[in-house]
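Chains as they are written, first to last, in this note's numbering: chain A, 1 to 403; chain B, 404 to 806.
Data block below; observations after.
Number of protein chains: 2
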Amino acid sequence: MPNQTGSSFSSNIIPIIAGTIVALSLFWAFRPIITFTFTSPNTTTTFNTGVNTYNIFSGPTISGHEFNHTHDPPEPTFYDDPDLTYTINNPIKNWDEKRREWLWLHPSFIPGIEKRVMLVTGSQTGPCHNPVGDHLLLRFFKNKVDYCRIHGYDIIYNNLLFHPKMFTYWAKIPSVRATMLAHPEAEWIMWADADAVFTDMDFKIPLQRYKNHNFVVHGWPDLIYKNKSWTGLNAGVFLIRNSQWAFDFMDVWSGMGPQTPNYEKWGEILRETCKDKTKPESDDQTGLVYLLLKEKEKWGDKIYIEDGYYLEGYWKEILGKLERITEKYNGVMKSERGLRRRHAEKVRGYSALWEAYLEGEGWRRPFMTHFTGCQPCSGTHNGLYTRQSCLDAMEKVLNFVDN
Amino acid sequence: MPNQTGSSFSSNIIPIIAGTIVALSLFWAFRPIITFTFTSPNTTTTFNTGVNTYNIFSGPTISGHEFNHTHDPPEPTFYDDPDLTYTINNPIKNWDEKRREWLWLHPSFIPGIEKRVMLVTGSQTGPCHNPVGDHLLLRFFKNKVDYCRIHGYDIIYNNLLFHPKMFTYWAKIPSVRATMLAHPEAEWIMWADADAVFTDMDFKIPLQRYKNHNFVVHGWPDLIYKNKSWTGLNAGVFLIRNSQWAFDFMDVWSGMGPQTPNYEKWGEILRETCKDKTKPESDDQTGLVYLLLKEKEKWGDKIYIEDGYYLEGYWKEILGKLERITEKYNGVMKSERGLRRRHAEKVRGYSALWEAYLEGEGWRRPFMTHFTGCQPCSGTHNGLYTRQSCLDAMEKVLNFVDN
């Protein structure tokens, strides 16, 4: 008899090795998931309602569902740089690398990052001059909190002045900048003026449309490039990508502001560029038009002028349409049973079904409605509208959203 | 020679089978993760900053990180029950089963559920009587939004009256109830009065402490069970578990409210039970004490009276301590370099380090500070304090949090 032990060993070992290699390869392919799942502290396979306990998964739960808030490795990041300040006078360099490094050290924030939006809004620090002003600001803030809760966006309300001289509309730039630094996990920062409200709670911003851009603003290219109009776009709502490009852009943009020695000069330049500019002083909106016109390669090519939906909508233009829109939506819901179905707030599975009705139609709910010129807080409204017409419009629009 | 093919086949097959079994077992153990990852629409292995693209993982990314908002299977859930209403008069039955069924059909909401908290707060619908009232409500709301953003809680601000007769403090019950129905994905609902603020942004509610309870409120057991005092607890802040127990409890609790025919009678009963009750009418707080005293087995045993930290803290008690607390915290930060380290807002890895200093000490920041009796909105403050002392205290506390 041949050496049975010898030959059975050598003839067994290869298949065992082969099987083990298969097993190990599988294990290696899933290593990141495994590592992630096993190192997260709260791995559980039970689902406890407090009344009953159920085993849902036969294996480890995807505890990687949550951010790891307590993990902060000792390796230094940009936060450890003593020169880092939140103030606007210190330009940031190499932000893309710094952010990438931070994310690599805090990987729980990476999944889903390309769609992560942080909404920033705010108002003055003290109480409003206008008696009902704060009440309106409260309702507008609630509106934004609702939209963000439904769509999983973070929101921050800023009422501190980051730079003492960058008042009113200029204050948004240091706000956005500080938010980028404090939230490297956010890919997009969305600025929305305090007096801009969400009037379509279901609408999801089509971020994939902006994958080659770093800034998105509502406007009309012809009004900007041909008419050189200061209202060719509206700077009350915009998206800006958390990037070195954004820091560079904001440095240049804010360079036209009241905290700079060139403020007066910029007022002249902007009035010269946009002949229809009404107010004398340099403002952020005309500044934005200026940069699109004069520095197209550097900035313009990365700025998306969105005129496909109301990323920002002028309230006077929208007000008259609301009744017809409500009728149309009610009509669709009457005819389409699936759209009448109730659901949890966090489940919004019907956009595809709605799109079939809304595509190409002119009665889609405006995404955002902006009460430009109404100034609910200071009360110094644009002479074009009476204070009462502003208040009535706000009431009407807020009720439109609530229903 | 023996049949080589025959014997090598049979002697090879077993190890191959063994190896395959190992491989398949591994595969089976991770099947939920695999299934979950592969069926989620946005599987990606690249991380795109908009400037550069990096491959992070060698295998599938944990795209299960996000909730699946668009998945709503056709199988009916409690939402499809035409008898479902959000109003308080229709009791809910079998909620635990209904919720579990909904979760099973929307499994992306299951991971992490045991720690998922939804904060509910609110105020009256119209503007405040008191001039600075809305400004204060806005600051208090911002405070809550900040805390929730940091800790990943959802928040809803309710300013609609769910039941026309359930005014002031009674309005919280229908608010909480409606939120439970609209948010089956939330395990805990936290109610916080509009005039309660978070004064320790780092503190995480120790939910594991309440795993055998369904309701958590700040109070002192002796003051409740021995003294039968109506201030033995404070109903301005509480946690309630999204459960059938909670619906049953709220039915009984709200049964003492102004919308019921027994409202007057309950006023008498509650005054009889808690001799120190000051106001004549039936109120939710004394009602809660009553249920703890009179129905201990049914409700009391599931209600956790928390006196270990300021789940709710009386502002007058806290005000005088703030300066010392700030000094102590500054002292610790001076001596402990690790605690001076700056970090992203979403990374709070230092609680363990802080605990070493705070454990057992009396100068921990109060978790929440509640301006009971100040009534910033209506202005009809408790005769014990002047309006100015309330306003000064609020300003001091809000500044304490901001710093």
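Every residue gets a Cβ at the ideal spot worked out from N, C-alpha and C, and that includes glycine.
Segment limits, beta strand (DSSP E) that includes residue i
i: Ala-599 (chain B); result: 599-601
i: Arg-644 (chain B); result: 636-644
i: Val-804 (chain B); result: Unbroken run through Val-804 (chain B) is the alpha helix (DSSP H), 790-805; no beta strand (DSSP E).
i: Val-117 (chain A); result: 117-122
i: Tyr-707 (chain B); result: 706-709
i: Met-190 (chain A); result: 188-192
Residue i CB to nearest heavy atom of the ligand NAP below 7 Å
i: Asp-710 (chain B); result: This structure lacks the ligand NAP, and indeed carries no ligand of any kind.
Separation of residue j from residue i, as counted between CA atoms
i: Trp-757 (chain B); j: Thr-729 (chain B); result: 14 Å
i: Leu-160 (chain A); j: Gln-124 (chain A); result: 7 Å
i: Tyr-385 (chain A); j: Cys-677 (chain B); result: 57 Å
i: Pro-76 (chain A); j: Ala-186 (chain A); result: 20 Å
i: Trp-95 (chain A); j: Asn-403 (chain A); result: 43 Å
i: Tyr-482 (chain B); j: Arg-502 (chain B); result: 10 Å
i: Leu-181 (chain A); j: Phe-543 (chain B); result: 25 Å
i: Ala-581 (chain B); j: Lys-629 (chain B); result: 35 Å
i: Gly-50 (chain A); j: Asn-615 (chain B); result: The predicted model places Gly-50 (chain A) with a pLDDT of 34, which falls under 50 and marks its position as unreliable; any figure quoted below should be read in that light. Cα-Cα distance, rounded: 7 Å.
i: Asn-665 (chain B); j: Gly-658 (chain B); result: 8 Å
i: Met-250 (chain A); j: Ile-173 (chain A); result: 7 Å
i: Gly-383 (chain A); j: Ala-196 (chain A); result: 19 Å
i: Ile-150 (chain A); j: Val-401 (chain A); result: 14 Å
i: Gly-467 (chain B); j: Val-520 (chain B); result: Residue confidence is low: Gly-467 (chain B) scores 37 on pLDDT, short of 50, so the model does not pin down where it sits. No coordinate-derived value is stated.
i: Thr-286 (chain A); j: Lys-277 (chain A); result: 8 Å
i: Val-237 (chain A); j: Leu-691 (chain B); result: 46 Å
i: Phe-774 (chain B); j: Gly-338 (chain A); result: 46 Å
i: Leu-725 (chain B); j: Trp-170 (chain A); result: 35 Å
i: Pro-534 (chain B); j: Asp-284 (chain A); result: 32 Å
Span of the alpha helix (DSSP H), counted from its first residue to its last, around residue i
i: Leu-358 (chain A); result: 351-358
i: Glu-675 (chain B); result: 666-676
i: Phe-140 (chain A); result: 133-151
i: Thr-689 (chain B); result: 687-697
i: Trp-253 (chain A); result: 244-254
i: Lys-501 (chain B); result: 498-508
Which of helix, strand or coil DSSP assigns to residue i
i: Trp-363 (chain A); result: coil
i: Asp-222 (chain A); result: helix
i: Glu-739 (chain B); result: coil
i: Asp-154 (chain A); result: strand
i: Ile-205 (chain A); result: coil
i: Leu-311 (chain A); result: coil
i: Val-347 (chain A); result: coil
i: Phe-215 (chain A); result: strand
i: Pro-174 (chain A); result: helix
i: Phe-36 (chain A); result: The predicted position of Phe-36 (chain A) is uncertain, since its pLDDT is 34 and thus under 50; a value taken from the coordinates is nonetheless stated next. Phe-36 (chain A) falls in the helix class under three-state DSSP.
i: Tyr-210 (chain A); result: helix
i: Glu-327 (chain A); result: helix
i: Tyr-489 (chain B); result: coil
i: Phe-565 (chain B); result: coil
i: Phe-167 (chain A); result: coil
i: Asp-679 (chain B); result: coil
i: Lys-316 (chain A); result: helix
i: Gly-782 (chain B); result: coil
i: Glu-517 (chain B); result: helix
i: Gly-300 (chain A); result: helix
Cβ-Cβ distance between residue i and residue j below 8 Å
i: Val-120 (chain A); j: Asn-89 (chain A); result: no
i: Met-351 (chain B); j: Gly-703 (chain B); result: As shown, chain B starts at 404 and ends at 806. That puts residue 351 (chain B) outside it, with no answer to give.
i: Tyr-613 (chain B); j: Tyr-712 (chain B); result: no
i: Glu-312 (chain A); j: His-218 (chain A); result: yes
i: Pro-74 (chain A); j: Ala-747 (chain B); result: no
i: Pro-769 (chain B); j: Thr-602 (chain B); result: yes
i: Lys-705 (chain B); j: Phe-650 (chain B); result: no
i: Arg-271 (chain A); j: Trp-188 (chain A); result: no
i: Lys-799 (chain B); j: Leu-722 (chain B); result: yes
i: His-474 (chain B); j: Gly-112 (chain A); result: no
i: Trp-363 (chain A); j: Arg-387 (chain A); result: no
i: His-472 (chain B); j: Val-347 (chain A); result: yes
i: Asp-134 (chain A); j: Asp-537 (chain B); result: yes
Bridge partners - residue i, DSSP secondary structure assignment
i: Thr-369 (chain A); result: A:Val-197
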